[in-house]
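S.K.:
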Amino acid sequence: MAILEELRAAVVDGLAKVAVAKVSEGLAGGIEAGTLLREGLIAGMAEVGQLYEEGEVFVPEMLVAARAMSAALAVLKPHLVAEGVPSNGRVAIGTTQGDLHDIGKNLVAMMLEGSGYEIVDLGVDVPAAKFIEAIRGGANVVAMSALLTTTMTNMQSTIEAIREAGLREQVRIIVGGAPITKSYADEIGADGYAEDASSAVRLVKEVLAA
Ligand code: B1M
């Protein structure tokens, strides 16, 4: 369908107004919200993720694409709810306590949202208690971001607090951010590490399937 292809292309090219218009056009033309989500928005973000991994686009293009996706998703959301399109899972995401960097975290959240996950964005400077509250509220995945060597250690104390609260078995915990490595994630007992936003989408799918 031409409209789905145009919607996908609008996301890839980061054209928010076009993406919004295509979603409205699609809905008016009787295309189901779930189809617009999967074959337009998610397909577009998947392509952007692929282009990023191949070095064909960089963070600015990815941010612009994610914003176009978010703008279109805002129009689509009430229709998705009405159609009862199931969420792939609920992800509580936040930057660890003491850390105010949120550009990367927002990018990860937008990519996940575009891939069909429900996002509980806890913001920046998030204490362990807030992650715990989100798990009690039904989050299946906790995604923590840290950009400072001084705040990455709070990932470990958060995991510890989740364990002490007796909730470790019911949630998958993944981590990312510039100073984080796979070996650090293993050392602190996280379930996974993602280097960038597109691999975070793959990782969430993997940990939920495990
Ligand atoms: Co700050 N800062 N900063 N800063 N800042 C860094 C991180 C730094 C490396 C700069 C430097 O010195 N070269 C340095 C950290 C040094 C260190 O700890 N080793 C630093 C410092 C020191 C500081 C302050 C302490 C400076 C000061 O006040 N003296 C201060 C700390 C404030 C605080 O947090 N308490 C500070 C403040 C700030 C600003 C507020 C000015 C601003 C943040 C604005 C904002 O976020 N709203 C800022 C910025 C912009 C940066 C740099 C320049 C850029 C960060 C960024 O947004 N990158 C950064 C230098 C750098 O990284 N080159 C720097 C783009 C973003 C898309 O990438 O966040 O890495 P990134 O996210 C990626 C991946 O890491 C991954 O996916 C994303 C997309 O691909 N990812 C995840 C991220 N989170 C993930 C979570 C996941 C999975 C993947 O979940 C599973």
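In case it helps, the working numbering puts the sequence shown at residues 1 to 210.
Idealized CB from N, CA, C, for every residue including glycine.
Predicted, not measured: the structure shown is a model, and the values here were computed from it.
Starting from S145, trace the alpha helix (DSSP H) in both directions and tell me its first and last residue.
M.R.: As a first step, residue 145 must be located in the sequence shown, where it is residue number 145. No alpha helix (DSSP H) contains S145, which is instead part of the beta strand (DSSP E) from V141 to S145.
S.K.: Using 7 Å as the cut-off, classify the Cβ of T153 as near or not near the heavy atoms of ligand 1, replying yes or no.
M.R.: Taking the first residue of the sequence shown as 1, we reach residue 153 at position 153. No, the Cβ of T153 stays beyond 7 Å of every heavy atom of ligand 1.
S.K.: Quick one: is the Cβ of K130 within less than 7 Å of any heavy atom of ligand 1?
M.R.: By 1-based counting over the sequence shown, the position of residue 130 is 130. Result no, Cβ not under 7 Å from ligand 1.
S.K.: Nearest by alpha-carbon distance to G44: which of I31, L27, M62 and A33 is it?
M.R.: Position 44 of the sequence shown, counted from the first residue, corresponds to residue 44. G44 has its Cα closest to that of M62, out of I31, L27, M62 and A33.
S.K.: Between G26 and the rest of its own chain, which residues show a CB-CB distance below 6 Å, the 5 nearest in sequence each way excluded?
M.R.: Looking up residue 26 in the sequence shown gives position 26. So the qualifying residues of the chain are I3 and L36.
S.K.: Cβ of P78 within 7 Å of any heavy atom in ligand 1?
M.R.: By one-based count along the sequence shown, residue 78 stands at place 78. No.
S.K.: With respect to the alpha helix (DSSP H) encompassing T153, which residues constitute its N-terminal and C-terminal limits?
M.R.: Walking along the sequence shown from the start, residue 153 turns up at place 153. T153 -> alpha helix (DSSP H) spans T153 to E164.
S.K.: What first and last residue would you give for the alpha helix (DSSP H) that runs through E61?
M.R.: Along the sequence shown, read from residue 1 onward, the residue named residue 61 stands at position 61. First-last of the alpha helix (DSSP H) with E61: V59 to E83.
S.K.: Identify the residues that DSSP records as bridge partners of D121: which are they?
M.R.: Position 121 of the sequence shown, counting from 1, holds the residue named residue 121. Its beta-bridge partners are I93.
S.K.: Could you tell me if L112 is buried or exposed, where buried requires 16 or more neighbouring beta carbons within 10 angstroms of its beta carbon?
M.R.: Counting from one through the sequence shown, the residue named residue 112 turns up at place 112. The residue is buried, with at least 16 neighbouring Cβ atoms inside 10 Å.
S.K.: Looking at M144 and ligand 3, is the gap between the Cβ and the nearest heavy atom below 7 Å?
M.R.: Absence of ligand 3 from the depicted structure is noted, with ligand 1 being the only ligands included.
S.K.: Where does I31 sit, in a helix, a strand or coil, going by DSSP?
M.R.: For this step, residue 31 is matched to residue 31 along the sequence shown. Note: I31 maps to coil in three-state DSSP.
S.K.: I'd like to confirm something about P179: is its beta-carbon nearer than 7 Å to some heavy atom of ligand 1, or not?
M.R.: On the sequence shown, position 179 is the one that residue 179 refers to. Yes.
S.K.: With a threshold of 8 Å, are at least 3 pairs of Cβ atoms found where one atom belongs to the segment 75-94 and the other to the segment 51-58?
M.R.: With the cut-off at 8 Å, the segment 75-94 and the segment 51-58 do not touch.
S.K.: Nearest by alpha-carbon distance to D13: which of V175, M69 and E164 is it?
M.R.: Looking up residue 13 in the sequence shown gives position 13. Taking only the C-alpha atoms, the option nearest D13 is M69.
S.K.: Relative to the C-alpha of A28, which candidate in V75, Q156 and G94 has its C-alpha closest?
M.R.: Here residue 28 refers to the residue found at position 28 of the sequence shown. The candidate whose alpha carbon is nearest that of A28 is V75.
S.K.: Which of the three DSSP states is assigned to I126 in this structure?
M.R.: Locating residue 126 in the sequence shown gives position 126, counting from the first residue. One point to set straight first is that residue 126 is Val, not Ile, in the sequence displayed. Strand at V126.
S.K.: What whole-angstrom Cβ distance do G40 and R8 have, given they're in contact under 8 Å?
M.R.: Position 40 of the sequence shown, counting from 1, holds the residue named residue 40. Position 8 of the sequence shown, counting from 1, holds the residue named residue 8. Right, the Cβ-Cβ distance comes to about 5 Å (below 8 Å), so this counts as a contact.
S.K.: Measuring straight from C-alpha to C-alpha, what distance separates E206 and E187?
M.R.: Indexing the sequence shown from 1 puts residue 206 at position 206. Indexing the sequence shown from 1 puts residue 187 at position 187. So the two alpha carbons sit approximately 20 Å from each other.
S.K.: Which whole-angstrom value describes the C-beta separation of A128 and V91, a residue pair presumed to lie in contact below a C-beta threshold of 8 Å?
M.R.: Walking along the sequence shown from the start, residue 128 turns up at place 128. Walking along the sequence shown from the start, residue 91 turns up at place 91. Incorrect: roughly 17 Å between the Cβ atoms, too far for contact.
S.K.: Residues in its own chain within less than 6 Å of T96 by CB, not counting five upstream and five downstream?
M.R.: The count along the sequence shown starts at 1 and reaches residue 96 at position 96. Answer for T96: M144, A146, T151, N154 and M155, listed in chain order.
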